[in-house]
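Student: Submitted below is the structure of interest, expressed as structure tokens.
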Amino acid sequence: AQSVTQLGSHVSVSEGALVLLRCNYSSSVPPYLFWYVQYPNQGLQLLLKYTSAATLVKGINGFEAEFKKSETSFHLTKPSAHMSDAAEYFCAVRFSGGYNKLIFGAGTRLAVHP
Amino acid sequence: NAGVTQTPKFQVLKTGQSMTLQCAQDMNHEYMSWYRQDPGMGLRLIHYSVGAGITDQGEVPNGYNVSRSTTEDFPLRLLSAAPSQTSVYFCASSYGTGSGEAFFGQGTRLTVV
Numbered sequence: 001a002q003s004v005t006q007l008g009s010h011v012s013v014s015e016g017a018l019v020l021l022r023c024n025y026s027s028s029v030p031p032y033l034f035w036y037v038q039y040p041n042q043g044l045q046l047l048l049k050y051t052s053a054a055t056l057v058k059g060i061n062g063f064e065a066e067f068k069k070s071e072t073s074f075h076l077t078k079p080s081a082h083m084s085d086a087a088e089y090f091c092a093v094r095f096s097g098g099y100n101k102l103i104f105g106a107g108t109r110l111a112v113h114p
Numbered sequence: 115n116a117g118v119t120q121t122p123k124f125q126v127l128k129t130g131q132s133m134t135l136q137c138a139q140d141m142n143h144e145y146m147s148w149y150r151q152d153p154g155m156g157l158r159l160i161h162y163s164v165g166a167g168i169t170d171q172g173e174v175p176n177g178y179n180v181s182r183s184t185t186e187d188f189p190l191r192l193l194s195a196a197p198s199q200t201s202v203y204f205c206a207s208s209y210g211t212g213s214g215e216a217f218f219g220q221g222t223r224l225t226v227v
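Protein sequences, first through last, are from chains Y and E.
The first sequence begins at 1 in our numbering and counts up one residue at a time.
The second sequence begins at 115 in our numbering and counts up one residue at a time.
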């Protein structure tokens, strides 16, 4: 079955440390992949998306993600965490076929400590 | 640009009451959808629409109805609210296919007592 999994519901890092949020999908055909961020009491905002043009995708706020077909992964990284990065992050996929349904992972809440 | 507008932002209902959550977009998107967000479960698709007059069920459709009479509007109806429908609801819109991202409203926080 097609699915998306985010490993780690909570991730805690120190300010200035590397951020790594994991996302894996299950599909025989590479889907379209997205990362969204949600700040407290707000809607979801697009961080970046994979469109097959390049495997390394750069997004807003210094985040980037690398598509690895062999690992069916699309992990999100940021070299140096900032306090303002504290939020919940969602990986989402749109599988080929069907009516453009966007399926979300369970989310990872990122805490950044001074 | 307004984008996707949801109303109301907050709502408290008694069990058995009905209500409609409103969603409007001004981007001429074909595709609109409703999600509910619950802790630890991400966003789950309730209903979606691929154009005016066409709707379909998502992952958790029970207890909810939708209609799409215009491209701009996609209301979500709760016919008889239950405590299990306490959640945050998000409306989203996007272009029809491929890599087009979804744009989200600010959400409606619904509490059913």
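For every residue, glycine included, the Cβ atom is placed at its ideal position computed from N, Cα and C.
If you scan the region 138-183 of chain E from start to end, which runs of the beta strand (DSSP E) of 3 or more residues do you find wholly inside it?
Tutor: 145-151, 157-165, 168-171 and 178-180
Student: On the premise that residue 178/E lies in contact with residue 190/E, defined as a C-beta separation below 8 Å, what is that separation, rounded to the nearest angstrom?
Tutor: 6 Å
Student: For the candidate residues 154/E, 171/E and 121/E, whose alpha-carbon lies nearest to that of residue 108/Y?
Tutor: Comparing alpha-carbon positions, the option among 154/E, 171/E and 121/E lying closest to residue 108/Y turns out to be 154/E.
Student: For a test of the three-state rule: what should DSSP assign to residue 41/Y, helix, strand or coil?
Tutor: coil
Student: Which full runs of the beta strand (DSSP E) of 3+ residues lie inside the region 37-104 of chain Y, going along the chain?
Tutor: 44-50, 56-58, 64-68, 73-78 and 87-94
Student: Pull up the CB-CB distance for residue 228/E and residue 193/E, whole angstroms please, since I reckon it's below 8 Å.
Tutor: Here chain E comprises residues numbered 115 to 227, so residue 228/E is not present and cannot be evaluated.
Student: Between which residues of its own chain and residue 220/E is the CB-CB distance below 7 Å, once the five residues before and five after are set aside?
Tutor: 120 and 123
Student: To the nearest angstrom, how far is the alpha carbon of residue 182/E from that of residue 2/Y?
Tutor: 28 Å
Student: Within 8 Å (strictly less), CB to CB, does residue 125/E reach chain Y?
Tutor: no
Student: I want to verify the contact list: residues of chain Y whose CB lies under 9 Å from the CB of residue 204/E, in sequence order.
Tutor: 43 and 44
Student: According to DSSP, is residue 198/E part of a helix, a strand, or is it coil?
Tutor: helix
Student: Is the Cβ of residue 166/E closer than 8 Å to any Cβ of chain Y?
Tutor: no
Student: Give me the chain E residues within the contact set of residue 106/Y, using Cβ-Cβ distance strictly less than 8 Å, ordered along the chain.
Tutor: 154, 155 and 156
Student: Would you say residue 224/E reaches chain Y, if we count a Cβ-Cβ gap shorter than 8 Å as a contact?
Tutor: no
Student: With distances taken Cα to Cα, identify the nearest neighbour of residue 16/Y among 103/Y, 77/Y and 89/Y.
Tutor: 77/Y
Student: Might you give, ordered along the chain, the residues of its own chain that have their beta carbon closer than 7 Å to the beta carbon of residue 199/E, omitting 5 neighbours on each side?
Tutor: 177, 192, 224 and 226
Student: Using the Cβ count rule (16 or more neighbours within 10 Å means buried), how would you classify residue 143/E?
Tutor: buried
Student: Hey, residue 92/Y and residue 110/Y: beta-carbon distance below 8 Å or not?
Tutor: no
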